[in-house]
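*Asks:* In the working numbering, each residue's number is its place in the sequence shown (first place is 1) plus 74.
In this text, a Cβ means the ideal position worked out from N, Cα and C, and glycines have one as well.
Note that this is a predicted model, so its numbers are computed, not measured.
One structure coming up, written as structure tokens, with questions to follow.
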Amino acid sequence: MRTSEYNFKLPNFVITCDSLTKLKLVSCSLDPSAKIHMRSLKSLRLKEIILSEDTIAKIFSGCPLLEKLSLYNCYGPSVLSITSQNLKRLVFHYGITDLSLEIFCPYITSLNISGWIEGVALKNLSCLVNSTLDFTEDFNGARGEYLGVRMILQKLHHLDVLTICDRLILVWLSFLYRFLYVLFG
């Protein structure tokens with residue numbers, strides 16, 4: 075994904091509208107020098123947008139009431155660090171990529187992750203109470219994927235509610251079966 079793929083440059087007046095409570099943006103570029111000022115925004119959905127650490131910081135400083143952030147195939151920083159105490163829900167779809175991503179969000183209570191598992195690492199999620207994990211059709215249970223899932227599940231051991239896709243369960247069982255077969259053959 076490259077910036078040149080986006081033909082539409084979002085007008086700055088959109089990201090300075092104080093009356094918006096919900097905003098969805100798809101395949102557009104944000105002016106990195108623009109000031110974000112949406113004081114009433116509670117829900118933001120971004121799809122196929124390249125984000126910088128600076129843009130993410132501007133979103134949270136300019137949207138103090140933001141409660142839900144949805145990111146679909148958005149790329150940019152290798153660490154998604156969100157320390158906003160108002161953000162309670164993060165929905166994250168990670169497309170196939172060679173990049174790795176650390177998610178550090180100590181105040182969110184709900185996390186939905188879908189897409190490509192490899193390269194995603196969860197850090198401080200101390201307030202999290204529920205999560206949904208749904209991985210791509212390309213998820214086939216290779217050792218690296220298994221280890222990635224294991225690390226994610228270890229980070230989510232304290233949840234009240236964990237919802238996982240059937241593909242994840244089948245791959246997990248398949249890996250365990252292969253492991254047991256090697257041991258007891």
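(1) Alpha carbon to alpha carbon, what distance is there between Thr183 and Ile177?
(2) Report buried or exposed for Leu221, applying the criterion of at least 16 other Cβ atoms within 10 angstroms of its Cβ.
(3) With DSSP run on the structure shown, which of helix, strand or coil describes Ser108?
(4) In the DSSP assignment, the beta strand (DSSP E) including Asp234 goes from what residue to what residue?
(5) Shortest alpha-carbon distance to Glu127 belongs to which of Leu242, His111, Pro85, Ile156?
(6) In whole angstroms, what separates the C-alpha of Lys98 from that of Leu120?
(7) Does Phe82 pass the burial test, meaning 16 or more other C-beta atoms within 10 Å, or should it be called exposed?
(8) By alpha-carbon positions, which one of Val194, Tyr149, Ser174 ends up nearest to Ile124?
(9) Take Leu233 and list the residues in its own chain whose beta-carbon comes closer than 7 Å to its own, dropping the five residues that flank it on each side.
(10) Do Lys142 and Lys116 have their C-beta atoms within less than 8 Å of each other?
(11) Use the C-beta contact count for Tyr168: other C-beta atoms within 10 angstroms, 16 or more gives buried, fewer gives exposed.
(12) Indicate whether Asn160 and Glu122 have their beta-carbon atoms separated by less than 8 Å.
(13) Here's the rule: buried if 16 or more other CB atoms are within 10 angstroms of the residue's CB, otherwise exposed. What is Ile243?
(14) Take Val235 and list the residues in its own chain whose beta-carbon comes closer than 8 Å to its own, dropping the five residues that flank it on each side.
(15) Any idea which residues DSSP pairs Glu269 with across the strands?
*Replies:* To lay it out plainly:
(1) 14 Å
(2) exposed
(3) According to the sequence displayed, residue 108 carries Ala and not Ser. Ala108 falls in the coil class under three-state DSSP.
(4) Here Asp234 belongs to no beta strand (DSSP E), and DSSP marks it neither H nor E.
(5) Ile156
(6) 6 Å
(7) exposed
(8) Tyr149
(9) Leu202, Val203, Asn204, Ser205
(10) yes
(11) buried
(12) no
(13) exposed
(14) Val203, Asn204, Ser205
(15) What is shown of the chain runs 75 to 259, which leaves residue 269 out entirely.
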